[in-house]
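Structure first, commentary second.
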């Protein structure tokens, strides 16, 4: 990791001491603090009132037991989390993640990142995150329903459309949100549509929400490429992952004239030199819920599946890389390989998918790099638009919503770009995003007093 300003080092030391064994959270805090040296040099009042220390400390951490019964009648136990990180700008807002890797440190890192990401949207939403170490893979619909209902039996008391508004994340899609919202409604005896986002259209969801994170990332990278007088048109692109973020990144990149030749899941990746067949990918992943190897089998000649351990998706030469799977998936070695093969831009569709070493490689090589807290903010921005529609008992068209999304993403890009220039680091979107997000949250906290 890079060094941070000596005035901020004691803050990081204390964060590490108080949050032992949480490397992802330490990494996220370090990455923000190393951008703030320029801020405190120019505006030393941000060191007053323990503002930075308070921003690094969640307002509330909720950990609870989730007992549920599987299809064989056995009682299973999982652990649930909700970290309500910061509500200075509005109700806590952030997704729920169901994955065996989930622990409190990962949820804190995600909630910390979410606070600044949400601030960058310009929408009135604070930051939070939640989830469980439950693995939905291989579970029946009945098992997933019973798990979601047990989780919500505990968590419902901490939620509300003016308090905390969850959404989806890894392992949590429309099915899981439906089960959780149904149990919330049952327990509270109210149809409080704005308490969840990512809902189905049938009961208050927003058009374009499913597509929003992938579309938003693509809009951001398109704007970033535009600062160099180029675009996606004619570019070769690699997108890791094959969930909603990756699928709709591929869709929007293709609409901009880019050619996506590789995507992946946890079993490996496929290389399709003719360009990914999006309809087939959607059928394999969204309808059949198969592994990515099935895409290669059904695609036939020209498509190849490379299992985990026999190569990395980042070995595939491309001009634009869009890591859209999970945190720390792109290493320093991977970044060096991408630079060597001619990459000119990287857009993070996932949360912190590039390691600190990878980010340094990209920045040292002068590669355009869009950090996740800015580039993948389209999902939460559209969630806020869903909350707006719910509050007004309205429903917008897809075109209306996507137009708002495109405007928000261009504004985020322009804010990050301008902030980086203001603080003497033109083209450094990491610094621009960190400073712009921090200032918005810190100013609100300063005005609210010591809370």
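In the numbering used here, the protein residues as written are 80 to 530. A virtual CB, placed ideally from N, CA and C, is assigned to each residue, including glycine. Only a predicted model underlies this, so the values are computations on that prediction, with no experimental measurement involved.
Let me confirm a value: residue 142 is counted as buried when at least 16 other C-beta atoms fall within 10 Å, else exposed. Which label applies? Classification of residue 142: exposed, given that the 10 Å Cβ count is below 16.
Could you check the C-alpha separation between residue 390 and residue 376 for me, to the nearest Å? Straight-line Cα distance between these residues: approximately 18 Å.
What is the rounded straight-line gap between the Cα of residue 188 and the Cα of residue 515? Separation of residue 188 and residue 515 (C-alpha to C-alpha, rounded to the nearest whole angstrom) is 19 Å.
Quick one: give me the first and last residue of the beta strand (DSSP E) that residue 210 is part of. Looking at the DSSP string, the run of the beta strand (DSSP E) that includes residue 210 is 206–211.
Is the separation between the beta-carbon of residue 517 and that of residue 195 shorter than 8 Å? Taking 8 Å as the Cβ cut-off, residue 517 and residue 195 qualify as a contacting pair.
May I ask you to list the residues that DSSP assigns as paired with residue 493? Residue pairing from DSSP leaves residue 493 without any beta-bridge partner.
Expressed to the nearest angstrom, what Euclidean distance is found between the alpha-carbon atoms of residue 476 and residue 485? Going by the C-alpha atoms only, they are around 14 Å apart.
Check whether the stretch 465–484 and the stretch 280–292 are in contact - that is, three or more C-beta pairs closer than 8 Å. Flag = yes, the stretch 465–484 and the stretch 280–292 touch.
Classify residue 176 as helix, strand or coil using the three-state DSSP reduction. Of the three classes helix, strand and coil, the one that applies to residue 176 here is strand, per DSSP.
Suppose the cutoff is 8 Å on Cβ atoms and the five residues either side in sequence are ignored; what does the same chain contact list for residue 118 look like? If we look at residue 118 and ignore the five residues flanking it on each side, its Cβ neighbours are 125, 502, 514, 517 and 518.
Counting Cβ pairs closer than 8 Å, one from the stretch 433–444 and one from the stretch 457–469, do we hit at least three? Cβ pair count under 8 Å is below three, so no.
Taking 6 Å as the limit between beta carbons, can you name the residues of its chain near residue 231, skipping five residues before and five after? Within the same chain, residue 231 has close Cβ partners 259, 262 and 263.
For residue 124, report the span of its alpha helix (DSSP H) as first-last. Here residue 124 belongs to no alpha helix (DSSP H), and DSSP marks it neither H nor E.
Helix, strand or coil: how does DSSP classify residue 239 here? Under the three-state reduction of DSSP, residue 239 is assigned to strand.
Using a 10 Å radius around the Cβ and a threshold of 16 neighbouring Cβ atoms, would you call residue 122 buried or exposed? By the neighbour-count rule (16 or more Cβ atoms within 10 Å), residue 122 is not buried but exposed.
Measure the beta-carbon distance from residue 206 to residue 173 and round it to whole angstroms, keeping in mind my assumption that it falls under 8 Å. Right, the Cβ-Cβ distance comes to about 6 Å (below 8 Å), so this counts as a contact.
Please name the residue, chosen from 120, 136 and 130, that lies closest to residue 107 on a Cα-to-Cα basis. The shortest C-alpha separation from residue 107 is found at 136.
Hey, how far is the Cα of residue 246 from the Cα of residue 120? Answer to the nearest angstrom: the Cα atoms are 37 Å apart.
In this structure, how does DSSP classify residue 102 when only helix, strand and coil are distinguished? Three-state DSSP puts residue 102 in a helix.
Which residue comes first and which comes last in the alpha helix (DSSP H) that contains residue 229? Element bounds for residue 229: 220–234.
Can you tell me where the alpha helix (DSSP H) holding residue 531 begins and where it ends? Past the boundaries of the shown model lies residue 531; the chain is included only from 80 to 530, so the question cannot be answered.
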